[in-house]
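Working notes, beginning with the structure itself.
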Amino acid sequence: MRRMAKMTGHGDDRLIVRGVNLFPSQVEEQILRDPALPGHYVIELSRTGALDDLLVRVEARAVLDGAATGRAAQDLAHRLKAMCGLSAKVEISAPGAVERSVGKARRVIDKRR
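Counting with this note's numbering, you get residues 1053 to 1165 for the letters of the sequence shown.
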């Protein structure tokens, strides 16, 4: 019998995307592995037909050129796919582009409903 892995986040933070449990803390862990990304991000979920779409908007630490931005986005998408098995579209924006919130950070925007 296979053993279930320990939960990696709070149960109320869990997102179910295409049948896979995903925690925002898992996404944040992968973002923080890249020194060019400071950790300001938003996860946006939407639905096209019957499929859920996962978009991760990440802020860059400094202004990056086109090649560096593309490479960082591709690396993050690859790490997310390897970690949880989900394909995600990754957009890297300029510093300050991701909205900051006062109090508890709103990291997830769910447009599937």
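Beta carbons are placed, not taken as given, at the ideal position from N, Cα and C, and that holds for glycine.
Q | Where residue 1077 sits in the DSSP three-state scheme | A | Counting from one through the sequence shown, the residue named residue 1077 turns up at place 25. Helix.
Quiz item: Can you name the start and end residues of the beta strand (DSSP E) that residue 1131 belongs to?
Solution: In the sequence shown, the residue the question calls residue 1131 occupies position 79. Counting along the chain, residue 1131 falls outside any beta strand (DSSP E), though it belongs to the alpha helix (DSSP H) covering 1118 to 1136.
Simplified DSSP assignment, three categories, for residue 1065 | Here residue 1065 refers to the residue found at position 13 when the sequence shown is read from its first residue. The answer is helix: DSSP assigns residue 1065 an H, G or I state.
- Task: Just confirm the distance between the C-beta atoms of residue 1093 and residue 1159, as a whole number of angstroms; I'd bet it's less than 8 Å.
- Result: Counting from 1 along the sequence shown, the entry for residue 1093 is found at position 41. Counting from 1 along the sequence shown, the entry for residue 1159 is found at position 107. Approximately 7 Å separates the beta-carbon atoms of residue 1093 and residue 1159; this is inside 8 Å, confirming the contact.
Just to confirm the assignment, what range does the beta strand (DSSP E) spanning residue 1145 have? To locate residue 1145, count along the sequence shown from 1; it is residue 93. Residues 1141 to 1145.
**Item:** Meets three-Cβ-pair contact criterion under 8 Å: the segment 1143 to 1154 and the segment 1111 to 1123
**Value:** A contact exists between the segment 1143 to 1154 and the segment 1111 to 1123.
Among 1151, 1097 and 1122, nearest to residue 1164 - alpha-carbon criterion: Counted from its first residue, the sequence shown places residue 1164 at position 112. Closest option to residue 1164, Cα to Cα, is 1097.
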